[in-house]
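Reading through the structure tokens given below for one structure.
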Amino acid sequence: MLHHAYYWKERAPSGGPGPVQLYVKAWGRPGDTAVIALLDGFPVGAAWFRLFESEAAGYGFIDEQTPELAVAVVPSARGLGVGSSLLAALLERARADGYTALSLAVDRHNEGAIGLYRQFGFVQVQEDTDSLTLRLELT
């Protein structure tokens, strides 16, 4: 599912796990949280967050107390509200777990995802050549 988030408009390159491995390596650490969307019993989307240390930071890293999130929806289920439902469920869980903010990185050309995140209140806090870093205050 992570590949659908990272390679949102093109096929993943061959030749190994690539940079997305950072987001799933040793999954199940304290704080790792995920929700999955099913359609007719099949997974069509997922959203998750995890904490990173500064020396092993993700692309949307802000600080060690702010989990970084990702949302992925398979192409055939996009535009059906799956991403919104996943994000709402994950934000509810983050608040229940006592987090005060979440961050994420998004490809600067992924207008659909950027629009979704802004609808939920995420604001841009950083920009680079390929991506934007967004943050949401949960308090």
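Take the sequence shown: its letter number 34 is residue 192 in my numbering, and every next letter is one higher. We treat Cβ as the ideally placed atom computed from N, Cα and C, and that holds for glycine.
Could you tell me which uninterrupted alpha helix (DSSP H) segments, each at least 4 residues in length, are contained entirely in the segment 214-295, listed from first to last along the chain? 240-254 and 269-277
Nearest-angstrom Cβ-Cβ length linking A192 and A204, presumed shorter than 8 angstroms: 6 angstroms
Supposed close pair Y181, G216 - CB separation, criterion 8 angstroms: 6 angstroms
Kindly list the residues whose CB is nearer than 8 angstroms to the CB of A222, restricted to its own chain and excluding five residues on each side of it in sequence; keep chain order. Reading off the sequence, residue 222 comes out as Glu, not Ala. Within the same chain, L209, F210, E211 and S212 come within 8 angstroms of E222 by CB-CB distance, once the 5 residues on both sides are set aside.
Pull up the DSSP beta-bridge partners for P201, would you. L196
So, L244 versus V229, is the Cβ gap smaller than 7 angstroms? yes
Can you check which of these residues, I272, V240, G273 and V281, is closest to A259 by C-alpha distance? When C-alpha distances from A259 are compared across I272, V240, G273 and V281, the shortest belongs to V281.
Output needed for S261: all residues of its chain with C-beta closer than 6 angstroms, excluding positions within five of it in sequence on either side, in chain order. G218, I220, T224, E226 and R293
Taking C-beta to C-beta, are L247 and V202 nearer than 7 angstroms? In the sequence on display, residue 247 carries Ala and not Leu. Cβ distance not < 7 angstroms, so A247 and V202 don't count as in contact.
Please name the residue in Q179, G239 and W206 whose C-alpha comes closest to that of L197. G239
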